[in-house]
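Right, one structure below, let's go through it.
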Amino acid sequence: MGLLTTTVIVSSILAFCSGSFSCPGIWQTSLGSSCYKFLGGNLTWAEASLHCREIGGHLAIITSAEENKYLKDFAVRHHVSYPLYRYWLDGKDDESENHWYWDWTGEPIKYTPWQPGEPSNSGQVEHCLGLYGNGNWNDFKCDFKNHAICELEYVDANLL
Ligand SMILES: [Ca+2]
Ligand SMILES: [Ca+2]
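Going by my numbering, the first residue of the sequence shown is number 2, and it counts up by one from there.
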């Protein structure tokens, strides 16, 4: 490994560890090893997921209370003129009722800050995951219209 390559790798790792990476292009904010973008609009889960993938990422995957609070605050801060504070996340339970998984990775969802009384699977048709403006989660009908949060992981973007 050449000195230049080593220098680039070491400085990349240092930048990564110190959190000084700036998110590329349209991505608005970062936490840990991910960048995020708010999507404002009346989007079904499938429309929101497709939009996130078209810009190189996926719907947000939340794995900790820290990330959940950060993204709740981020979404509320970027909220546009719609009255409802509802944001799509990447989770689904469409294959087997109440077995929630992240669509991007296929991994089961472990951290689940559900709204009290949720997931309700109302009408037996609520199979897509969303975040409320209070930080709690709800299962929504997938063709419900919500805003969304997209996520781009540094490993996806090949920035390291
Ligand atoms: Ca369900
Ligand atoms: Ca529900």
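C-beta atoms are modelled at their ideal positions from N, C-alpha and C, and glycine is treated no differently.
Shorter than 7 Å, the distance from the beta carbon of residue i to the closest heavy atom of ligand 2, or not?
i: F141; result: yes
i: P109; result: no
i: E55; result: no
i: E48; result: no
Per DSSP, which one or two residues make a beta bridge with residue i?
i: A149; result: L40, W89
i: P109; result: Y102
i: W115; result: W138
i: L60; result: C151
i: T45; result: Per DSSP, none; premise fails for T45.
With 16 as the cutoff for other CB atoms within 10 Å, does residue i come out buried or exposed?
i: P109; result: exposed
i: I27; result: exposed
i: H100; result: exposed
i: K111; result: exposed
i: N43; result: exposed
i: S65; result: exposed
i: G124; result: exposed
i: D164; result: The chain is shown from 2 up to 161; residue 164 falls before or after that span and cannot be answered.
i: V9; result: Annotation note: pLDDT 38 at V9 (below 50); position unreliable, no value reported.
i: P120; result: buried
i: S12; result: Any reading at S12 is ruled out, since the residue's pLDDT is 39, under 50, leaving its predicted position unreliable.
Could you check if residue i belongs to the surroundings of ligand 1, using beta carbon to heavy atom distance under 7 Å?
i: E67; result: no
i: N122; result: yes
i: D104; result: no
i: E98; result: yes
i: D74; result: no
i: E127; result: yes
i: I94; result: Before going further, note that residue 94 is Asp rather than Ile in the sequence given. D94 Cβ: within cutoff of ligand 1.
Identify whether residue i lies in helix, strand or coil by the three-state DSSP scheme.
i: C129; result: strand
i: E68; result: helix
i: S23; result: coil
i: S123; result: helix
i: S34; result: coil
i: S50; result: helix
i: E1; result: An answer regarding residue 1 cannot be provided, because it is not within the stretch 2 to 161 covered by the chain.
i: D74; result: helix
Problem - Any 3 or more C-beta pairs closer than 8 Å across the segment 145–155 and the segment 47–57 - result: yes
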